[in-house]
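Scroll down for the structure; my scribbles are underneath it.
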Amino acid sequence: MRKLNLFLLFFVACSVILYPQTIKETNNRIVASLIISNFIDGQLPFDFLPEIQKVKAEKIKAVEKIRGNEYTVKPSKVPEKGISFIEKRYVAEFDNNGNISKFSSGEYRYGGLVFEFLFDYAKNGNISGAKLLVKDTLGNVNISTTYEFKFEGDLVKEAKKTENLIQVEHTSFKFKYRTNGSIESVYADSRTESLYDFDEQGRTLKYNAAIGKTYSYDKSGKLAKVAVNGEYGEKWESAYNYDKSGNLTSIKTTGDNTEEMKYTLGKNGLPLSASFMFDSQGELWGLNYEFKYKK
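Counted the way the working numbering counts, the sequence shown spans residues 4 to 298.
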């Protein structure tokens, strides 16, 4: 059963002038997100990471996304509200520049594992290292691995996993830059075709894999649609909707099935909760989320 890719969303910042996002910070977000995405099910950009400008403006130190368990919606039953059982947690911590300093993803139950990523940044502000710790729910480290960064001047040219203790889809990423220093494309392992393409603002344009994705934006720069070509020729499209202030309120996906994610926002436009509904020819099930912030 195809599910909504919960990592294909944007949350819009409204304070670009007061808190400008530099090319360096944008590149750092891309590199860190790529490493994280290699271990969790998702593509860039992640849905619950506020844009860098928003992190600075709201002085956000950490954000947590809590996922509840799936439930079936019967024809005579209304969708459930809130979370009765925690399925997963995703927690991102930020430094004073809005960079991801720590990220954890895990199933906090018996036998569950927690992936904890630690990122280092050099004095020039560039991301310079990454380490992954795989822990059990008691905090014991079972496996650790690091990423080796190769540079060309101040720019990261390659990020490569040094140990093969953890099986992942990609062991290395190589980066192609524009003349202004922004990341244009990312190549995985020995691929000759790019895995990701980005515009000069760091927005995802294409994801080239077995399931290909093309991203389009409206005149204000907000993500408007994601067109998906499935592995077996199937096609579907996700449309993004915003309120008058430019905050994401819902995403609706149409194709063989219908999916919809609806967000409840706080006064600052950041999501407080979300409900996801999946309709496959009359078979309806749901999923709820909560979002927490530390300042």
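In this text, a Cβ means the ideal position worked out from N, Cα and C, and glycines have one as well. Quick caveat, the model's predicted, so the values are computed rather than measured.
Give me, in chain order, the residues of the same chain whose beta-carbon lies closer than 6 Å to that of residue i; leave out the 5 immediate sequence neighbours on both sides.
i, result
"E196", "N211"
"L136", "E119, V144, S147"
"K209", "D200, T217"
"L290", "E73, F279"
"K297", "K64, A65"
"V94", "E67, S107"
"S276", "T267, E293"
"K163", "E151, S175"
"R181", "E187"
"K255", "A242, E263"
"F281", "E262, W288"
"N8", "Note on N8: pLDDT 41, under 50, position unreliable in the model; the coordinate value appears next. No residues qualify anywhere along the chain."
"K91", "R70, E110"
"G215", "N232"
"E234", "A213, I214"
Are residue i and residue j touching if we call contact CB-CB under 9 Å?
i, j, result
"K222", "I69", "no"
"D123", "G132", "yes"
"F154", "S108", "no"
"G205", "I26", "yes"
"Y190", "F201", "no"
"A303", "A242", "There is simply no residue 303 to check, as the chain begins at 4 and stops at 298 in what is shown."
"S219", "V229", "yes"
"V76", "E67", "no"
"F97", "P274", "no"
"N30", "S185", "yes"
"N100", "G128", "yes"
"D259", "E286", "no"
"E28", "N102", "yes"
"I89", "G114", "no"
"S104", "L116", "no"
"G249", "G272", "yes"
Quick check on residue i: does DSSP put it in helix, strand or coil?
i, result
"S36", "helix"
"N30", "helix"
"V19", "Residue placement at V19 is poorly supported in this model, since its pLDDT is 32, which falls under 50; the coordinates are not used for a value here."
"I146", "strand"
"I89", "strand"
"V159", "strand"
"T69", "Checking the displayed sequence, the identity of residue 69 turns out to be Ile instead of Thr. DSSP places I69 in strand when its eight states are reduced to three."
"V76", "coil"
"V171", "coil"
"A60", "helix"
"I43", "coil"
"L9", "Residue placement at L9 is flagged as unreliable, the pLDDT there being 36, under the threshold of 50; the coordinate-derived value follows with that caveat. In the structure shown, L9 sits in coil (DSSP, three-state: anything other than H, G, I, E or B)."
Hey, is residue i close to the ligand ZN, as in C-beta under 8 Å from one of its heavy atoms?
i, result
"G285", "Ligands displayed in this structure: none; no statement on the ligand ZN is therefore possible."
Under 8 Å Cβ to Cβ from residue i, same chain only, skipping five residues before and after it: list those, please.
i, result
"S18", "At S18 the pLDDT is 29, less than 50, meaning the model places this residue with poor confidence and gives no usable figure here."
"I169", "F42, L135, V137, I146, T148"
"D192", "H173, T174, S175"
"Y245", "V15, K225, L251, T252"
"L87", "Sequence inspection shows Ser at residue 87; the Leu mentioned does not correspond to that position. Correct list, in chain order: G71, N72."
"V171", "N41, F42, K164"
Which residues in the same chain as residue i place their Cβ atom closer than 7 Å to its Cβ, once the five residues preceding and following it in sequence are excluded?
i, result
"T257", "W239, E240"
"D157", "N127, N129"
"T207", "L47, P48, Y199, F201, Y218"
"V159", "V34, N129, I130, F152, F178"
"G85", "N291"
Problem set entry | contact_flag[the segment 264-276, the segment 26-41] where n(CB pairs < 8 Å) is 3 or more | Too few Cβ pairs lie closer than 8 Å, so no.
For this session: Within the segment 175-222, note down every full alpha helix (DSSP H) run reaching 4 residues or more, in order along the chain.
Result: Fully enclosed alpha helix (DSSP H) runs of 4 or longer: not present.
Problem set entry | Runs of beta strand (DSSP E) wholly within the segment 229-264 (minimum 3 residues, chain order) | As summarised for the segment 229-264, the continuous beta strand (DSSP E) elements at least 3 residues long and confined to that stretch are 238-245, 251-257, given in chain order.
Problem set entry | Entirely enclosed alpha helix (DSSP H) segments - the segment 104-140, minimum 4 residues | Whole alpha helix (DSSP H) segments, 4+ residues: zero.
Exercise. Whole beta strand (DSSP E) runs in the segment 262-292 with 3 or more residues, listed along the chain?
Worked result: Runs found: 274-283.
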